[in-house]
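In terms of the numbering used here, the sequence shown opens at residue 1 and continues consecutively.
Just so you know, even glycine gets a beta-carbon here, dropped at the ideal spot from N, CA and C.
To keep things clear, I will list the structure first and then write my remarks on it.
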Amino acid sequence: MDSQLQELKQSGIYVGTSSWKYPGWKGLVYHHNYKTEKAFKEDSLKEYSDSFTAVGVDHTYYAFPSPQQLLRYEKETPPDFKFVLKAPEQATVYRYPRLPRYGKVAGSMNEHFLDAELLKDSFLIPLKNLGHKAGAIVFEFSKFRSGMIESGSEFVKRLDTFLSQVRKTTDIPLAIELRNRNWLVPDYFKVLKRNEVAHVFNSWTEMPEIEEQWNLSLPFDLSFSVVRLLLKPGTAYQTAVDTFSPYDRLHLELTQTRQATAALMRYSMDKSRKAFILVNNRFEGCAPKTIQGILDLLKTKA
Numbered sequence: 001m002d003s004q005l006q007e008l009k010q011s012g013i014y015v016g017t018s019s020w021k022y023p024g025w026k027g028l029v030y031h032h033n034y035k036t037e038k039a040f041k042e043d044s045l046k047e048y049s050d051s052f053t054a055v056g057v058d059h060t061y062y063a064f065p066s067p068q069q070l071l072r073y074e075k076e077t078p079p080d081f082k083f084v085l086k087a088p089e090q091a092t093v094y095r096y097p098r099l100p101r102y103g104k105v106a107g108s109m110n111e112h113f114l115d116a117e118l119l120k121d122s123f124l125i126p127l128k129n130l131g132h133k134a135g136a137i138v139f140e141f142s143k144f145r146s147g148m149i150e151s152g153s154e155f156v157k158r159l160d161t162f163l164s165q166v167r168k169t170t171d172i173p174l175a176i177e178l179r180n181r182n183w184l185v186p187d188y189f190k191v192l193k194r195n196e197v198a199h200v201f202n203s204w205t206e207m208p209e210i211e212e213q214w215n216l217s218l219p220f221d222l223s224f225s226v227v228r229l230l231l232k233p234g235t236a237y238q239t240a241v242d243t244f245s246p247y248d249r250l251h252l253e254l255t256q257t258r259q260a261t262a263a264l265m266r267y268s269m270d271k272s273r274k275a276f277i278l279v280n281n282r283f284e285g286c287a288p289k290t291i292q293g294i295l296d297l298l299k300t301k302a
């Protein structure tokens with residue numbers, strides 16, 4: 001797998017997993033002797049990056065990263081490794097969920113929704129410590145429900161303004177991940193095209209299959225792609241966690257999505273377009289084994 005991933009990297013295709021701190025991968029990805037759980041969490045990125053060419057960083061969604069943390073990531077990985085980081089939820093959550101971790105703001109409107117200035121000061125400036133290893137920033141928008149934002153068209157207008165502002169402060173590639181399937185309309189893709197932003201082709205509970213999302217985007221010829229294989233459509237997150245932990249083996253093989261992902265990778269190579277492919281353990285049970293399956297498809301149809 002390692003050699004094939006290195007070859008794909010030469011074509012601008014970066015492949016990895018969503019996060020890397022999974023003890024269930026010992027013997028599969030990890031072979032070093034980490035004496036404690038703390039040592040594993042702190043030191044395993046280096047060994048992970050010996051195998052993969054990219055990684056998704058989800059923890060930046062929940063808290064602004066420290067400059068020191070990002071500098072450590074940069075130092076522990078190869079020169080051409082890429083991080084795909086989720087933008088902090090302070091910029092993408094319209095209303096904070098009624099969950100204990102949100103404390104006093106639970107259930108309240110987020111005054112910093114689509115706040116480009118906050119994003120610049122608290123996120124984009126610290127990201128400079130990653131240098132060119134910052135492969136892309138993913139703006140994940142949780143599903144907008146009735147009583148929240150007025151409509152998809154209002155969201156697209158506000159998104160357009162936000163992206164144009166962010167574009168002025170960073171040259172890191174940007175990507176948008178939606179959870180409202182009915183918002184995948186031409187006006188949305190036009191905004192992405194105008195701002196040179198990617199759509200995240202995401203396999204998730206309530207989203208269309210990857211192939212359907214891709215077909216909707218094709219007329220707009222977006223400049224690069226991000227794929228995030230998160231969940232089998234129709235599957236709840238907690239169900240996947242309970243079923244698949246500790247993520248040391250495959251529990252199912254979602255052939256249709258694997259094939260669509262491989263096809264998108266081939267298309268990106270043919271068009272000389274960059275692509276980031278990230279696989280989550282909750283998709284099939286073991287992200288590294290899913291990646292191997294996709295790579296086998298690429299070899300079969302090479």
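Residue burial annotation: Leu252 is exposed, with fewer than 16 other C-beta atoms found within 10 angstroms of its C-beta. For His199, DSSP records a beta bridge to Ile176.
A direct Cα-Cα distance of roughly 12 Å separates Val191 from Glu154.
Rounded to the nearest whole angstrom, the C-alpha separation of Asp115 and Phe81 is 29 Å.
In the displayed model, Arg228 falls within a strand according to three-state DSSP. Of all alpha-carbon atoms in Lys299, Leu298 and Lys289, the one lying nearest the alpha-carbon of Thr17 is that of Lys289. The residue among Leu264, Arg72, Tyr96 and Val197 with its C-alpha nearest the C-alpha of Thr161 is Val197. For Ala236, there is no enclosing beta strand (DSSP E), as DSSP gives it neither H nor E.
Annotation: Thr235 to Pro126 spans about 35 Å, alpha carbon to alpha carbon.
In the structure shown, Met109 adopts extended strand secondary structure according to DSSP, grouped into three states.
In the three-state DSSP reduction, Gly56 falls in the strand class (E or B). Contact annotation, Phe64 with Ser122: C-beta distance approximately 5 Å; criterion of less than 8 Å satisfied. Nearest neighbour of Glu7 by Cα position, chosen from Val279, Glu284 and Met269, turns out to be Met269. Between Gly56 and Asn195, the C-beta spacing is not below 9 Å.
Considering only Val227, Lys299 and Cys286, the residue with the shortest C-alpha distance to Thr261 is Val227.
Per DSSP, Glu140 lies in no alpha helix (DSSP H); the unbroken beta strand (DSSP E) holding it starts and ends at Ala134 to Glu140. Here Glu47 is actually not in contact with Tyr22; their C-beta atoms are around 12 Å apart, not less than 8 Å.
When DSSP reads this structure, Gly16 sits in a beta bridge with Ala54 and Leu278.
In this structure, the alpha-carbon of Glu211 lies about 7 Å from that of Thr257. For Lys143, same chain residues with a beta-carbon under 8 Å away, outside a window of 5 residues either side, are Arg179, Asn180 and Glu206 in chain order.
Shown here, Phe123 sits in a helix according to DSSP, grouped into three states. Ranking Phe220, Pro97 and Ile176 by CA distance to the CA of Phe201 puts Ile176 first.
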